[in-house]
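My numbering runs 60 ahead of the 1-based position in the sequence shown.
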Amino acid sequence: MQNSLFRIVLLALAIFAIAFVGSPFNSYRALRAATLFEDVQATTELVDFSAVRKSLEPQLDPDPARTVAAPSVWQDPVGAVQRALKEVAPQEPRINRYLTVAGLGAVVRGYPPGKAPVEARPDGSMGQTARRLLQGPWPGLAYLGIDRMRLAVHRPGERAKVTILTFERHSLFGWKLTHIQLPEDERQ
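Here it is, written out as structure tokens:
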């Protein structure tokens with residue numbers, strides 16, 4: 061009797077550990093499916109948009125001169141006028157393309173927004189669903205912690221381009237995307 065109880069407890073702990081470690085991968089797959097089917101509600105539940113925006117701003121800042129002190133009219137009159145004219149008609153930030161459902165869908169697959177090939181939607185059959193689940197693509201594990209996990213998504217065909225997605229725990233098995241680190245050549 062005691063031996064069976066011990067085995068049941070051990071089995072329950074093993075199942076819990078597998079579910080605990082596998083839940084961020086499940087959140088990644090859920091986010092990928094939500095963006096594929098353009099499910100705004102599910103995407104909103106899986107992404108912390110303000111944190112992702114803050115993580116992308118320094119990477120996509122189109123005007124690095126903005127971090128430098130603005131020239132004064134007395135020191136650089138031409139530069140001051142140019143800067144004033146730039147601020148009058150600001151361009152739409154590049155970051156907005158990344159924070160749409162389609163943009164996030166491309167990023168979680170390792171592509172920049174608008175550059176991802178069209179992904180076929182599943183037909184709903186069990187065979188195709190199982191094949192897609194086993195076939196992947198699966199992201200690599202860049203970091204594993206109790207409350208944070210980083211997944212490395214390699215761009216298909218270009219293994220050197222890696223997008224790092226950071227998921228943070230929000231409940232026991234619930235994770236949200238909070239940070240995106242783009243490949244070096246896609247920044248700025």
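Every residue gets a Cβ at the ideal spot worked out from N, C-alpha and C, and that includes glycine.
For clarity, every value in this text was computed on a predicted model and none was experimentally measured.
Sort Ala93, Ile206, Ile155 by Cα distance to Pro118 and report the nearest one. That would be Ile155, whose Cα lies nearest to the Cα of Pro118.
Going by beta carbon distance, what residues of the same chain come within less than 6 Å of Ile68, once the five residues before and after it are set aside? Nothing meets the Cβ criterion.
Is DSSP giving Ile206 helix, strand or coil here? Ile206 sits in coil when the DSSP states are folded into three classes, being neither helix nor strand.
Drop a sphere of 10 angstroms on the beta-carbon of Ser110, count the other beta-carbons inside from all chains shown, and report buried for 16 or more, exposed for fewer. Exposed is the call here.
For Leu232, which residues from the same chain have a beta carbon less than 6 Å from its beta carbon, with the 5 sequence-adjacent residues on both sides left out? Excluding its 5 nearest sequence neighbours in each direction, Leu232 has no C-beta neighbour in its own chain below 6 Å.
Between the C-alpha atoms of Thr95 and Met209, what's the straight-line distance to the nearest angstrom? Roughly 20 Å separates the two Cα atoms.
Gln101: first and last residue of the uninterrupted alpha helix (DSSP H) it sits in: Boundaries of the alpha helix (DSSP H) harbouring Gln101: 100 to 106, taken from the DSSP string.
Got a sec, what are the start and stop residues for the alpha helix (DSSP H) Ala162 sits in? Residue range 161 to 168 is occupied by the alpha helix (DSSP H) that includes Ala162.
Count Cβ pairs between the region 212 to 231 and the region 167 to 179 that sit closer than 8 Å; are there 3 or more? Three or more Cβ pairs drawn from the region 212 to 231 and the region 167 to 179 lie within less than 8 Å of each other, which places the two stretches in contact.
Return the Cβ separation of Leu242 and Thr223 in integer angstroms, given the expectation that the two are a contact with Cβ distance under 8 Å. Yes, they are in contact, since the Cβ atoms of Leu242 and Thr223 sit about 6 Å apart, within 8 Å.
Under three-state DSSP, which class holds Glu179? Residue state, collapsed to three classes: coil.
Residue from Ala79, Ser115, Ala72, Asp99 with nearest C-alpha to Arg247: When each option's Cα is compared against that of Arg247, the closest is Ser115.
Whose C-alpha, out of Val178, Glu228, Thr160, Gly184, is nearest the C-alpha of Pro84? Per the Cα distances, Glu228.
How many angstroms separate the CA atom of Arg143 from the CA atom of Asp121? Rounded to the nearest angstrom, the two C-alpha atoms are 15 Å apart.
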